[in-house]
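In the numbering used here, the protein residues as written are 11 to 184.
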């Protein structure tokens with residue numbers, strides 16, 4: 011991928027979040043124990059789909075449940091494709107839904123090229139770093155209702171800076 015200019019790379023991915031996200035570490039004063047309350051419920055998962063360029067996060071969509079081919083097609087047609095440019099390279103992981111026939115057809119019709127990462131290689135995908143930042147922010151905010159979670163996701167993603175994106179691209183070798 012060295013011959014492809016970094017500004018032409020578009021990584022897309024999905025991540026699941028729910029209202030049970032809690033912080034994993036804590037600090038306390040002196041020798042007192044850290045105490046926090048964790049929800050004891052089985053929440054439904056909310057899926058977040060987004061894309062990342064070298065200078066920005068964009069094309070975000072959320073929905074309840076997992077990624078189906080119908081939902082992925084809707085995401086491509088209504089959110090991602092209007093946001094990409096001719097000559098872009100749309101890079102995806104190997105989720106089965108990403109390999110449906112319509113995926114390559116829709117992306118190529120826009121003048122872009124679909125590419126796939128090698129199997130089991132999240133370390134090559136800079137958007138994984140973005141998901142970590144988003145989830146860290148959501149843990150900090152302690153979101154406990156579905157409605158608040160849905161409105162907090164775009165707010166958390168808006169905290170992703172161009173500097174973050176550039177750093178994640180550099181960190182993953184692009």
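Using N, Cα and C, we set each Cβ at its ideal position, and we do this for glycine too.
Quick check: residue 99 and residue 59, are their CB atoms within less than 7 Å of each other? no
Excluding the five sequence neighbours on either side, which residues of its own chain have a C-beta within less than 7 Å of the C-beta of residue 71, listed in chain order? 59, 85 and 89
Nearest-angstrom Cβ-Cβ length linking residue 65 and residue 135, presumed shorter than 8 Å: At roughly 17 Å, the Cβ-Cβ gap does not stay under 8 Å, so residue 65 and residue 135 are not in contact.
For residue 165, does the three-state DSSP call read helix, strand or coil? helix
When the distance is taken between beta carbons, is residue 184 closer than 7 Å to residue 75? no
Considering Cα atoms alone, identify which of 30, 122, 42 and 143 is closest to residue 56. 30
Cβ distance (whole Å) where residue 170 is taken to contact residue 94 below 8 Å: Not really, about 18 Å apart at Cβ, beyond 8 Å.
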